[in-house]
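Novice: First the structure, then my questions, so here it is.
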Amino acid sequence: MSKLIITIAPTGNVPTKETNPNTPVTPDEIVEDIVRCRELGASIAHIHVRDKEGRPTCDRHLYKEVLDKLEARGCDIITQLSTGARGGGKDADPIQWRGQMLDLNAEMASLSTGSSNFATMVNANSFELIEALANKMYDNNIKPEIEAFDLGMIDNARYLLKKGVLKAPLHFDLVMNVLGSARGTPKNLLHMVESIPPGSTFTVCGIGPAQVPMITMSMLLGGHVRTGLEDTLLYEKGVLASNVMLVERVVRIAGELGREVANPDEAREILGLQKK
Ligand code: MG
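364 is the number of the first residue of the sequence shown in our numbering; add one for each residue after it.
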């Protein structure tokens, strides 16, 4: 079994200072949390940015600021930019808006391969949009992380692989327990893991109370894990989480299971990334 890649997703689009004051929102806060989580064992940072009012945005300048500041800190973590549907730009062309940061010097970006319901909006990802974002990622030497919320999104990725839009080996993030998609049950996760193309790598995130069971199961199955306030505001019932607490817990569970934690260069090798 390979070493364990831990992804930290510190901010997301949904958490706020009001719902959890530990949420990093400004570029400096985001960088600080990523640097601390890297020291604890995270080897990928899944990055979202917020505007001055704290609202989600895809603003290229803000992404650049985070990347530049990480570099200035000498942080060697793998950077993964979000192209998710909740990143603002309501009246913008989604291909332009959601792909605007893909020419930056990042190593990975998220790519949703299907549509679903979110709590307050539709997570709309047409094939036209997916293909355009994927093309821009490959043009910029960025490896997509395929965000699959249910089985259909895995099948869409298989279709896009066959069509030549996506390139093997694929890397998935199996996102379990998002309202509107597959619940975070062992049976659902096992079926999804068994449905990804052979030779793929995968990570798992469990939203809210599904966090610990889903990431633990992924470790047992040879997968990788994602954690962070994007995925759960609470550490446990009644206890607000911080990104540091969440990474520390993952490292502790991995230790108990005898799974060694990968550093960023080892993660690059597992994922087939060429360091920029
Ligand atoms: Mg995200």
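C-beta atoms are modelled at their ideal positions from N, C-alpha and C, and glycine is treated no differently.
Please read all numbers here as calculations on a predicted model, not as lab measurements.
Please report how far the alpha carbon of Thr-595 lies from the alpha carbon of Arg-589, in whole angstroms.
Specialist: Going from the Cα of Thr-595 to the Cα of Arg-589 covers about 11 Å.
Novice: Buried or exposed, going by whether 16 or more other CB atoms sit within 10 Å of the CB of Ala-405?
Specialist: Buried.
Novice: Please state whether DSSP places Met-471 in a helix, a strand or coil.
Specialist: Met-471 falls in the strand class under three-state DSSP.
Novice: Starting from the N-terminal side, write out each stretch of the beta strand (DSSP E) that is 3 residues or longer and does not extend beyond the stretch 457-520.
Specialist: Segments of the beta strand (DSSP E) lying fully in the stretch 457-520: 471-475, 506-511.
Novice: Do His-640 and Leu-367 have their C-beta atoms closer together than 8 Å?
Specialist: This structure cannot speak to residue 640, because the chain is shown only from 364 to 639.
Novice: Going by CA-CA distance only, name the one from Met-471, Val-607, Gly-417, Gly-635 that's closest to Glu-395.
Specialist: Among Met-471, Val-607, Gly-417, Gly-635, the Cα nearest to that of Glu-395 belongs to Val-607.
Novice: Who pairs with Ala-408 in a beta bridge, going by DSSP?
Specialist: According to DSSP, which records beta bridges pairwise, Ala-408 is partnered with Ile-371, Thr-442.
Novice: Can we say the stretch 441-460 touches the stretch 406-422, given the rule of at least three CB pairs closer than 8 Å?
Specialist: Contact holds: three or more Cβ-Cβ distances are below 8 Å.
Novice: Where does Asp-536 fall in DSSP's three states?
Specialist: Three-state DSSP puts Asp-536 in a strand.
Novice: Just the C-alpha distance for Leu-592 and Ala-531, rounded to the nearest angstrom, thanks.
Specialist: Looking at the two C-alpha atoms, the distance is approximately 30 Å.
Novice: Could you round the C-beta distance between Gly-515 and Asn-540 to whole angstroms and report it? I think they count as a contact, below 8 Å.
Specialist: Between Asn-540 and Gly-515 the Cβ distance is about 16 Å, and since that is not below 8 Å, they are no contact.
Novice: DSSP three-state call for Thr-564: helix, strand or coil?
Specialist: Correct three-state label for Thr-564: strand.
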